[in-house]
Amino acid sequence: MAKEVDVLILGGGPAGLTAGIYASRARLNTGLIENVVPGGQVAKTELIENYPGFDEGILGADLMERMLKQATRFGLQIHSEQVTGLDWKGAVKKIETDQDTYLAKAVIVATGSDSKQLNVPGEKEFKGNGVSTCATCDGPTSANMDVVVVGGGSSGVQESLFLTRFVRSIKLVEFMDRMNAEKILQDKARANPKFSFFLGHEVLSINGDSKIRSVTVRDRKTGEKKDLGAERVFVWIGMVPNTGFLKGHVRLSPAGYIITDEDLRTSVSGVFAAGDVREKGIRQISTAVGDGTIAAQSALHYIESFS
Amino acid sequence: MGQNLELNHDHFQKEVTESTLPVIVDFWASWCGPCRMMGPVIEEVARDYAGKAKVFKVNTENNAQLAGEYGVISIPTLIYFKNGKPVDQIIGAVPKSVITKKLDALLS
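These protein sequence lines are chains R and S, in that order.
Heads up, the first sequence is in our numbering, so the first residue is 59 and it goes up one at a time.
Heads up, the second sequence is in our numbering, so the first residue is 113 and it goes up one at a time.
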């Protein structure tokens with residue numbers, strides 16, 4: 059038997075959970091499909107300092123635990139399942155998962171994005187065995203190690219600062235000639251003696267045997283190659299949207315993000331998008347929360363227009 | 113509220129390596145978001161399999177030595193024990209169905 063719901067949300071990060079809070083609090087029968095565990099990218103982040111309301115900052119895990127509790131308090135049903143098929147042609151939207159079939163009056167896509175990969179030799183081989191995109195997952199077991207961090211954006215530098223609690227040294231490799239991170243983060247990193255910087259360098263390979271031994275980089279100006287000793291490699295070079303399963307179902311930008319109007323309607327009537335998965339300029343927790351709010355309200359209006 | 117599944121070094125041998133039932137040990141840490149979000153799932157598995165298998169959590173902050181002994185590099189890591197020996201593992205957060213599938217395989 060298919061499960062009938064008013065609103066089905068895909069993705070359990072801040073956008074999806076916020077949409078869940080608004081929709082279930084509006085007494086809509088609301089389900090949320092999450093393919094791993096709720097929390098999204100935020101749960102991987104150690105400290106959040108720019109989300110309003112938490113004057114001392116809040117741990118990413120704490121923030122998401124609270125959002126999850128708040129959403130389920132209003133009756134949001136969370137299903138830990140994989141989406142396997144979509145049929146969005148009719149008025150009722152059909153979503154198949156590895157365990158169930160859902161029929162929804164409206165759908166909110168909030169599947170977010172995942173860390174981009176370097177695509178260099180050694181990356182796949184050492185994934186989960188020294189190559190990481192999660193400092194809070196792999197930092198504590200990196201005590202007294204030399205590590206390489208790839209990426210000088212805000213994520214890379216913020217997460218590296220967390221790593222300094224554990225590791226012996228951080229060699230930060232950035233493709234561009236300068237770091238792109240917020241100035242406040244750059245200043246903290248430059249003042250920390252554990253950091254050394256390899257700007258204008260690209261990663262060629264991650265090398266080792268049963269574990270990582272080094273990372274080969276190339277100076278993009280001189281062409282000089284260097285082997286940087288490291289036991290762990292953390293990669294923060296940007297994100298890719300989780301929209302592979304949507305190709306052919308909804309209009310996407312060339313980079314794969316979902317195109318919406320300002321009410322967060324997509325190219326398919328009754329399907330809305332919220333958060334990092336959407337084509338937009340700024341991707342922050344606060345903007346994801348704003349998106350979740352708008353998408354839920356738009357879905358509510360859409361459903362009401364039929365009844 | 114969650115059950116107390118916490119296990120430390122002192123009881124590890126008795127509860128895990130000398131257990132006659134299959135055991136899942138969840139290596140985690142309080143600041144690890146994916147670990148924390150997995151917490152309720154782990155407790156559910158413990159409830160569902162009560163009497164058939166045992167489920168414990170080891171906080172790697174206080175038990176770094178245990179984590180090292182079992183080669184835990186990335187958390188969360190779930191290690192499955194049968195007859196006291198590690199026989200399977202899962203690295204990273206996964207849905208409940210992935211955890212129970214492996215456990216069912218050990219029980220059959």
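Every residue gets a Cβ at the ideal spot worked out from N, C-alpha and C, and that includes glycine.
These figures come from a predicted structure and were not determined experimentally.
Subject >> Proximity of Pro72/R and Val347/R at Cβ, strictly below 8 Å >> reply: yes
Original post:
So what's Leu297/R in DSSP terms, helix, strand or just coil?
Top reply: Leu is not the amino acid found at residue 297/R; the sequence shown has Met there. Correct three-state label for Met297/R: strand.
Subject >> Neighbour flag for Phe303/R against chain S, beta carbons, 8 Å >> reply: no
**OP:** Compare the beta carbon distance of Glu183/R and Gln175/R with 8 Å and say whether it is the shorter of the two.
**Re:** no
**OP:** May I ask whether a heavy atom of the ligand GDP can be found less than 7 Å away from the beta carbon of Leu219/R?
**Re:** Absent from the structure shown: the ligand GDP. Ligands present: none.
Original post:
Considering only residues of the same chain and omitting the five flanking positions on each side of Thr191/R, which have a CB-CB separation below 6 Å?
Top reply: Ser173 and Val293
Original post:
Within the 8 Å Cβ cut-off, does Val335/R reach chain S?
Top reply: no
Original post:
Taking Cβ positions only, does Glu155/S come closer than 8 Å to chain R?
Top reply: no
**OP:** Say whether the region 317 to 334 of chain R touches the region 157 to 166 of chain R, bearing in mind that this needs 3 or more beta-carbon pairs closer than 8 Å, one atom from each stretch.
**Re:** yes
Original post:
Hey, how far is the Cα of Val206/S from the Cα of Val94/R?
Top reply: 5 Å
Subject >> Alpha-carbon to alpha-carbon, Val291/R and Asn187/R >> reply: 10 Å
Subject >> Assumed close pair Glu139/R, Ile91/R - CB separation to whole angstroms, cut-off 8 Å >> reply: 5 Å
Subject >> Endpoints, the alpha helix (DSSP H) within which Ser171/R is located >> reply: No alpha helix (DSSP H) holds Ser171/R; the beta strand (DSSP E) holding it covers Ser171 to Ser173.
Subject >> Interface residues of the region 124 to 140 of chain S facing chain R [CB-CB below 8 Å] >> reply: none
Original post:
Do you know whose CA, among Glu217/R, Leu257/R and Leu134/R, lies nearest Met234/R's CA?
Top reply: Leu257/R
Original post:
At a CB-CB cut-off below 8 Å, which residues of chain S make contact with Leu257/R?
Top reply: Per Cβ cutoff of 8 Å: no residues; Leu257/R is ~28 Å from chain S at best.
Original post:
By DSSP, does Ile136/S sit in helix, in strand, or in coil?
Top reply: strand
**OP:** Using three-state DSSP, classify Asp319/R as helix, strand or coil.
**Re:** coil
Original post:
Secondary structure at Glu260/R, three-state DSSP: helix, strand or coil?
Top reply: strand
**OP:** Report all residues from its chain with a CB closer than 8 Å to the CB of Leu117/S; omit the five preceding and five following residues, and keep chain order.
**Re:** Asp138, Ile154, Glu155, Ala158, Val167, Phe168 and Lys169
Original post:
If we count Cβ pairs, one from each stretch, closer than 8 Å, do we get three or more for the region 335 to 352 of chain R versus the region 118 to 129 of chain S?
Top reply: no
**OP:** Taking the CB atoms as reference points, tell me whether Gly89/R and Lys61/R lie closer together than 8 Å.
**Re:** yes
Subject >> Short Cβ contact (8 Å threshold) for Thr169/R with Val65/R >> reply: no
Original post:
Is Asp267/R helix, strand or coil when you go by DSSP?
Top reply: coil
**OP:** Check distances from the C-beta atoms of the region 161 to 181 of chain S to those of chain R and list, in chain order, the residues that come in under 9 Å.
**Re:** Thr172, Glu173, Ala176, Ala179 and Gly180
Original post:
Cβ atoms of Ile106/R and Leu26/R: under 8 Å apart, would you say?
Top reply: This structure cannot speak to residue 26/R, because chain R is shown only from 59 to 365.
**OP:** Indicate whether Gly78/R and Ala129/R have their beta-carbon atoms separated by less than 8 Å.
**Re:** yes
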